[in-house]
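Notes follow the structure.
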Amino acid sequence: MNKWLQFIIHTLWIAFFLTTMVAAQGMEGLHGDQNYSYRGIYEGNQIRTPFYNDGMIGSRYEIHPDDFKTNWPVGSSLGYITNLIPFIGAEVVDMNGVVRHIMSETHGCRVGVSGDGISADVDEFGNWRSLAPLPGFANDELQEVAMSHKRGTWPAYWPDKMNQADPGWPGSWNGYFGKNQFSADQESYFVLDDYLNDEFPFYPDATDSSRRGLGVRGYVRGMQWNNILVEDVLFSIYDFENIGTHNHDKMVFGMLSGPDMGSTVAAGVWLESDDDGGEFDLDLNLGWHTDQDWISFDGSPIGLYGVGFFETPGNPYDGIDNDGDGANGSGPVITEAMFAPITYQIGAQVIKINYQTFERTIETMDADGIDIVYLNKVYTFLPNTPLEEIANNLIDDNLNGIIDETNGSELTDENGVFIRSVWLFTGKKYIDYFTGSGLDNPLIDERRDDGIDNDGDWDIENDDTGLDGVPFTGDVGEGDGVPSPGEKHFDALDISESDMIGLTTFNIFTPWNLYPIYEDEILWGSVLPGIFNSRGQFGNTDIMLGSGYFPLQAGETNRFSLGIIFGEGPEPDDLIRNKNWADEAYLNNYEFAKAPAVPTLTARAGDNKVTLYWDSIAEESEDPVLGKDFEGYRIYRSTSDEWGDMKGITDMWGSLTFRKPIAQFDLVNGIQGKFPLDVKGVYYDLGTDNGIVHTWTDYTAKNGFNYFYAVTAYDHGDLASGLPPSECSYVLSIRPDGTVVTGPNVVQIRPEPPAAGFVGPTISGRWLESSAATGEVQVEIADEFKTIEATYQVTFGEMLVDAGSGLYPTTQNFSLINITKPLQPDTLLNKQAIPTADVLLPTINGIRLYLSNELNNTVSLNTDLSQWNRDNINPFNFVPFRNARIKGVAKSSDYRLEFYDQAGVDISTAFNDGTRDYPEVAVNFKVFNQTEEKQIDFAFRERDGEDGFFSAYSDEAARYSDEIYLLESNENDSLIATWRLTLSRTTDTTSTSPRGGDFLNLVINKPFLKNDVYQFSTISAHFDREEAEYDLNNIYVVPNPYIVANAWEPENNFLTGRGPRELHFINLPPQCTITIYNVRGQMIAKLDHNESIWNGTEIWNMQTKDQLDIAYGLYIYHIETPDIGEKVGKFAVIK
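What the sequence shown shows, in the working numbering, is residues 40 to 1174, in sequence order.
Quick look at the structure:
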């Protein structure tokens, strides 16, 4: 056996063995490990931000010096979020009987720094006591968070998918909706837990004493869509599972938001954090940051940044319809009258709750009262004593069977003066455990892990896809007629199956380190339910947002879904609208149109032009809702990294919504013009049916200017579904050090003239002599950088089509062959179908073919050009020869028949057509093949008279026309019938048969056939020394004079100073030396220009050889190039 083959088999066997062994374990034995902390970057819409797989969103500049603050809108100069830190906590009783509040948090922008307010808890050795990522959910070699659009970040298999039909889903994306379900434009996924949080003597798992913290594991996703409705939203989903054995009865989930509103995007630099404020809207479950003076560090407008709650951990045991979705079901309604104290007499009925199972029983109050056990404590409720519900303590204090119905808060003004009480549950249904009313309402105390389709929206036709969420895979649960985990609109994948309690805390505070996140008791106290204190507070503020309290029993999972939302300021209207759009997306289960895939863009600079090239990947992408709905491309251009000089299109509220493209191309499919449905008052332009291209040249670009180009793909939306068109994102940002960061569909480029002596690529071509096609082959230089010196041939295949009247040769395919080496031809395109007008052939070696064939790619008579020499001759029929036994083949040639006054000018050929013999006949005509420039044979069937004259209907009794059969040689040099010519009867009494001197021209539409060969040659761009000598006279310095600055200099990204200066030497030869002197003859600088023939420009930063800025004045330059010559000139720098 070949050694290489042995090595491959051995390697594959080892990989299979190891994968099988590890995969068999799945999640068993995995736990959080600080050594697997990786970074990712969201940039799928207008929000661009780093994030980490321990849950933090924001920057960690001490670990990643290239980190940045959350940037919005993408490409702007402003940063907003320093860190957004999630945490989860619970009230527990430790091994010593001490009631503790254990908090498991993630690190902020600083990691492992003991005593730092935004660093999570660590021990004396720097080991984390916090949330930490599980290994196995990313590619450890790349060390980036796994993201849907970056296959290289995925692990070899997914440890949490081992019980599926395809264990581990190797090579597939672990999507929110299932295996390889790419529902979002960008989606991240990681898993974390609090295994390392060993600060207190509490053991949440009786089966594993090594597991500490609260025994919770978090499955975390982030999702972005570039859809215009949610382009300012980053969705974050935290699913927390209790993997221990301890039942948590009192838990809270929270986020610490640390802003720097309107500061630079640079991480570690705080320029605008001293005047930040905050507001909230309890009805919207939304809190946001504001700014006091609304002036950013660079004077540009500041927006608003908020955190919106779409789904919070619910309380499925309190007997209350927390989220109000059960309003149409049974059950009474909570009123403020129920909050009054209740006094039970001996013998009165009360409801007792078992706080281990939350089972309710009706009991009778006796003289000793009623005892209940909660958190290992016994509470006694006595008769004849007023009992009043205490908010947020998770106990039924008034023995009516429902828990914490009085939850709410007291709103105050900036001076602490009471404004009003806000009750969370008034007007909402509850279960009356005395009467049973409400027990049959499935939307009271619903859960997302109870195995019940609480809201009844699971659809057997569309949702019965099995555990992997993918139809037609045959996995467990597919097609069984009942809902299964992993299927849409059921349990975890149905957002309406949770009894959400919403936002219960909005705590704005200053200074920012007032609540150190490593201090558990302090952090617990910062998110007590009912704190709402936003009024009038500005400074270096942070905000705590919380949701609690709620239980989390062993084996249960609670979801916390939020949105990081931006909007234009200073008023919150735009932010609130964006929250409402995000709510709609959430309520639709995140099922809305997805933009096509992002194209990959490259560009070539030329002399006052830029040519763009992009791939066709977007055309094959599928929308999860609408399938393949690609429609077209848009091209954007700007000289600003913020796209600021592009014309903006605002919505009905004046907020920037779209930008006007410089060019647009769409499918020729009848879908054009404005989409009928508006989005925020704006109608999307679908294009003009001008056809798809994959290259475009901007001839309006100016030399010396730095341009940013973006090519986006968009779909056509769906009117019936109410889904507007979606357009993919284009990412561009400039880091503080000037580094340009772009997405795959964005390029930065500067057009410049080529070098002196540059000669561009050329093409020359011709049809070979055997060719007869009237179709057209065009060859263009699509990428002059890739054009090579070569010779090519375009050849064609053909097939015969039976059209009823005969056999017609038809173009079957074509091939492109590189014959530069005749003995080693290289087939570049092999037997490809002739493309339709709206399909572009690929670019090969810098060239692209355009084939324009005849109608239907088939041989046919050109009825416009085929005609008699005069009027009043009977009409003719010219079709392929055919009878009962022979099918003639229409030949791709032009013909001419000439007629004379007497018979005998030619003699027909004897011919047998399988049914009869046709003898030789002296006739009055000759037949010529005009294409082959020769006279040809023919057979003659005399049916009108017997004189050898070609005629028809010569008298009133005549019924037939004579027939002429063209006889031509086939490939075997045998004579075969090709065409048949007859005359037709006409009502024109003046028409006659042809006479002496008449002639008939028959012109054939000739498609590409196998005898047709088009040959062409290309010469690549090259350097011509003689041309270079002549071009030395065209070397210039621009601008000249240089006055203060010039328009093409890059933007100043520094906080102080004037920014970079540029002077361009243009039309230089590829290699030369530029020496610059002052008027005293002192050398100021020396520049070595060593470039390709494509670049004739050298940019000087106007600094001396000692890196000092030059003074104003007159300067001399000397350009010397080997073997070509030299040039001397001057330029001025004016103050």
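Note that the Cβ used here is the ideal one computed from N, Cα and C, for glycine as well.
Residue i versus residue j: straight-line alpha-carbon distance, rounded
i	j	result
GLY214	MET262	10 Å
ARG250	SER143	13 Å
PHE599	PHE279	8 Å
PRO611	GLU318	9 Å
TRP551	HIS287	30 Å
ASN122	GLY94	10 Å
LYS965	ASN913	18 Å
ASN1072	LYS1166	7 Å
GLY693	ASP613	9 Å
ASP436	ASP717	52 Å
ASN1176	ARG256	Here the chain has residues from 40 to 1174 only, and residue 1176 is not among them.
LYS1169	THR739	29 Å
ASN572	TYR344	18 Å
VAL770	GLN787	12 Å
LEU1022	PRO1046	26 Å
PRO1078	HIS1103	7 Å
GLY541	TYR625	14 Å
Minimum C-alpha distance to residue i - residue among the options
i	options	result
SER931	VAL898, ASP162, ASP502 and GLU607	VAL898
ASN579	PRO555, LEU904, MET300 and ASP436	MET300
PHE229	ILE276, ASP910 and GLY342	ILE276
ALA606	TYR554, MET685, THR696 and TYR652	A quick correction: the sequence has Gly, not Ala, at residue 606. Closest option to GLY606, Cα to Cα, is THR696.
ILE710	ASN729, MET134 and ASN432	ASN729
THR303	TYR418, HIS328, SER76 and SER339	SER339
GLY1036	ARG909, THR1160, ALA991 and PRO793	ARG909
VAL707	VAL878, ASP559 and ASP662	VAL878
THR474	GLN388, ALA430, TYR418 and ASP443	GLN388
ARG1064	TYR1004, GLY1152, ASP976 and PHE797	PHE797
Pair within 8 Å by beta-carbon distance, residue i and residue j
i	j	result
THR813	ILE820	no
ASP983	ASP1001	yes
ALA1067	ILE1163	yes
ARG1034	PHE938	yes
PRO30	SER586	Beyond the ends of the chain as shown, which are 40 and 1174, falls residue 30; an answer cannot be given.
VAL18	MET583	Residue 18 lies beyond the stretch modelled for the chain, which goes from 40 to 1174, so this question has no answer here.
ILE1074	ILE1158	yes
ARG260	GLU226	yes
LEU868	LEU855	yes
ALA621	VAL269	yes
LEU888	VAL833	yes
As assigned by DSSP and simplified to three states, the class of residue i
i	result
GLN395	coil
MET377	helix
LYS699	coil
TYR934	strand
SER312	helix
ASP612	helix
ARG87	strand
TRP462	strand
PRO848	strand
THR109	coil
PRO919	strand
GLY564	helix
LYS741	coil
Contact belief for residue i with residue j at Cβ below 8 Å, rounded distance in angstroms
i	j	result
MET290	PHE589	6 Å
ASP668	ASP581	About 43 Å; that fails the 8 Å criterion.
ASN742	ASN647	5 Å
THR882	ILE858	Between ILE858 and THR882 the Cβ distance is about 19 Å, and since that is not below 8 Å, they are no contact.
LEU170	LEU231	5 Å
THR734	LEU651	6 Å
SER76	PRO89	The pair is not a contact, with the Cβ atoms about 12 Å apart (cut-off 8 Å).
LEU1048	GLU837	4 Å
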